[in-house]
Amino acid sequence: MNFARANAKKITALTALPFAAALTLSACSGDEETETSFTNSQNGVEMTLTYTAVGDEVVKQTTTNVIEYEAAGLGSKEDAQEMLDPMVDQGVDVEGYEQTIEYGDTSATEEVSIDYEIADMSELSEVPGYESTANMDEEGAFISLEESREQLESAGFTEVE
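Pasting the structure below:
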């Protein structure tokens, strides 16, 4: 359906932001594991990102997106499935990456989990919506919680206390 395709870029852009990652070349410290969450709501999508980090190094990222069909510009549950299911299929074989979408009558809930201790950064770069910096394959590179916090806050996310 042309309507769904026209909105594909819009939804992809909305769901891509949570995957944007800031990489840095710092050494990992022996700090304890902590969790930090951020929320934002844009164009019918309620996003919650949770980072699990050891020091500044993000070891896992979990994202939950609740997509309201009407507010996001989607016609129906079927239109959303037609647009979103192919994106899920593209990440199925990426180790350390899991994505599921449950479709309700008026909204869909997307769950994405990335285990950075397992995932290959070059494989992640092939997943629709995942963004990273050019140095992602450099030795010692990792996702920085502090840089991610700065990027998310500048994009309108709020840290959950």
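Numbering (the numbering used here), first residue to last: 6 to 166.
All C-beta atoms, glycine included, are put in the ideal place defined by N, C-alpha and C.
Values in this document were obtained by computation on a predicted structure and should not be read as measured data.
Select from Tyr102, Leu150, Glu107 the residue whose C-alpha is nearest the C-alpha of Ser130. Of Tyr102, Leu150, Glu107, the smallest CA-CA separation from Ser130 is found for Tyr102.
For the alpha helix (DSSP H) that Leu54 lies in, which residues bound it at each end? Run containing Leu54: none in the alpha helix (DSSP H); it sits in the beta strand (DSSP E), 50-59.
Nearest to Glu158 (by Cα), restricted to the options Gly49, Glu38, Ser42: Residue Ser42 holds the alpha-carbon nearest to the alpha-carbon of Glu158 among Gly49, Glu38, Ser42.
If we count the other Cβ atoms within 10 Å of its Cβ and call it buried at 16 or more, is Thr68 buried or exposed? So Thr68 counts as buried.
Using 7 Å as the threshold, is the C-beta distance between Pro1 and Met88 below it? Look at the range of the chain in this structure, 6 to 166, and you will see that residue 1 is not part of it.
For the alpha helix (DSSP H) holding Ser130, just list the boundary residues, first then last. Where Ser130 is concerned, there is no enclosing alpha helix (DSSP H), because DSSP gives it neither an H nor an E.
For Asn70 and Ser127, I'd like the C-alpha separation in whole angstroms. If I take the Cα positions, the gap works out to 24 Å.
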